[in-house]
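Participant:
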Amino acid sequence: MTGDHQPAPDLVRPCDIRGLLHSHSGYADGVHSLHRMVEIARELGLEYLGISDHLRSERHPDGLDHDGEAAQRAEITELKREFPDFDLLHGLEVYAEPDGELRLPNGIADHLDYLLVSLPDPEGHTTESFTEAALRVIRHPEVDILSRPLGCYMLSKPPVPLDMERVLRAAAESGTVIELDANPACNDLDGTHCRLAVDLGVWLAINPNARRAARLVDYRQGVEIARSMGLDCRWIVNTLTADQLRDRLRGQRRAG
Ligand SMILES: [Zn+2]
């Protein structure tokens, strides 16, 4: 961590985080209603929340299909009316196939603010094959955020065979945001990755992957992780306003 040294004044602070881009609701694999998630996010002082439930798949049979996505979109519109001082971004989380391909039903992403993609299970992959799968995800024109590339495999499995330098260079080229998982147990990106990301101009998102409202606050642990790596606000995408973020995500899709 930062030791006894006084942190530089421009290190990212919890109050710099305006919103979160990875959370789940009762529509799919989360516990709480959208309404409850919004209430807690507002109490935390956030300005917006991105809801990113899973797309229905073999891995997530209770995930969203077209009808679920449309119903969620309608409720998001209602909630924006109910809470005019708060914004909601409508996202979707998708697991990539083992080779990095995405199985997206036609039109599923048309109304979304963003698409967040998680990598497949690394088991059986070599560093070359898993890195190629990750690069395919990053270069996909519909993908906005690569979710925790190294996260949440560490506790029970060997290190993820991923060439992070190639991943970050590809993300810099495509404008794809790389997620920094806020859960310290995930052992996600390390300081070397974060410094390289900043040097290359890769946007990072500090996200809690919250499946219940009480876990939204985990982003503050993510900020501590980011501070320990010397990160300031410049390349942390959720220090942007919701409108700035929408413009950036759309701009990335156009570029793709
Ligand atoms: Zn998730």
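Under this note's numbering, the letters of the sequence shown match residues 139 to 394, in that order. By construction, the Cβ of each residue, glycine as well, lies at the ideal position given by its N, Cα and C atoms.
On a CA-only basis, which of Leu242, Val169, Val361 and Gln382 is nearest Leu149? Give me that one, please.
Facilitator: Reading the sequence shown from its first residue, position 11 is the one you call residue 149. Selected option, being the one with the closest Cα: Val361.
Participant: Should Arg317 be listed as close to ligand 1, given that the test is whether its C-beta is under 6 Å from any heavy atom?
Facilitator: In the sequence shown, counting from the first residue as 1, residue 317 sits at position 179. Residue identity differs from the one stated: residue 317 is Glu in this sequence, not Arg. Result no, Cβ not under 6 Å from ligand 1.
Participant: Below 8 Å, how does it come out for the stretch 346-359 and the stretch 151-160: are there three or more Cβ pairs, yes or no?
Facilitator: A contact exists between the stretch 346-359 and the stretch 151-160.
Participant: Nearest-angstrom Cα distance between Ala352 and Ile178?
Facilitator: The residue given as residue 352 occupies position 214 in the sequence shown. The residue given as residue 178 occupies position 40 in the sequence shown. Distance between the alpha carbons of Ala352 and Ile178 is about 7 Å.
Participant: Once the 5 residues before and after Pro287 are set aside, which same chain residues still bring their CB inside 8 Å of it?
Facilitator: Position 149 of the sequence shown, counted from the first residue, corresponds to residue 287. Taken in chain order, the residues that qualify are Leu257, Ala272, Val298, Leu300, Met302, Val305, Ile316, Glu317, Asp326 and Leu327.
Participant: My output table needs one value for Ala343: the three-state DSSP class, helix, strand or coil.
Facilitator: Indexing the sequence shown from 1 puts residue 343 at position 205. Reduced to three states, the DSSP call for Ala343 is strand.
Participant: Relative to ligand 1, what is the chain-ordered list of residues with a Cβ closer than 5 Å to any of its non-hydrogen atoms?
Facilitator: Per the Cβ criterion, the list is Glu231 and Asn347.
Participant: With the cut-off set at 7 Å, would you say Val165 and Asp191 are in Cβ contact?
Facilitator: By one-based count along the sequence shown, residue 165 stands at place 27. By one-based count along the sequence shown, residue 191 stands at place 53. The residue you asked about is not Val; residue 165 is Tyr in the sequence shown. Yes, Cβ-Cβ distance for Tyr165 and Asp191 is below 7 Å.
Participant: Could you give the residue range of the alpha helix (DSSP H) that holds Ser312?
Facilitator: In the sequence shown, the residue the question calls residue 312 occupies position 174. Looking at the DSSP string, the run of the alpha helix (DSSP H) that includes Ser312 is Met302 to Ser312.
Participant: For Pro314 and Arg277, what's the separation of their Cα atoms in angstroms?
Facilitator: Against the sequence shown, residue 314 aligns to sequence position 176. Against the sequence shown, residue 277 aligns to sequence position 139. The amino acid occupying residue 314 in the given sequence is Thr; Pro does not appear at that position. Their backbone Cα atoms lie some 8 Å apart in a straight line.
Participant: What's the call for His249, buried or exposed, on a 16-neighbour Cβ count within 10 Å?
Facilitator: In the sequence shown, counting from the first residue as 1, residue 249 sits at position 111. Answer is exposed; the Cβ neighbour count stays below 16.
Participant: In whole angstroms, what separates the C-alpha of Leu334 from that of Arg197?
Facilitator: Here residue 334 corresponds to residue number 196 of the sequence shown, with the count starting at 1. Here residue 197 corresponds to residue number 59 of the sequence shown, with the count starting at 1. Spanning the two alpha carbons is a distance of roughly 33 Å.
Participant: Output the distance between the C-alpha atoms of Asp319 and Asp237, rounded to the nearest integer angstrom.
Facilitator: On the sequence shown, residue 319 is found 181 positions in, with the first residue counted as 1. On the sequence shown, residue 237 is found 99 positions in, with the first residue counted as 1. Their backbone Cα atoms lie some 23 Å apart in a straight line.
Participant: For a test of the three-state rule: what should DSSP assign to Ala247, helix, strand or coil?
Facilitator: Within the sequence shown, the letter at position 109 stands for residue 247. Reduced to three states, the DSSP call for Ala247 is coil.
Participant: Going along the chain, which residues of its own chain have a beta-carbon closer than 6 Å to the beta-carbon of Val336, five neighbours each way excluded?
Facilitator: Position 198 of the sequence shown, counting from 1, holds the residue named residue 336. Within the same chain, Val336 has close Cβ partners Trp373.
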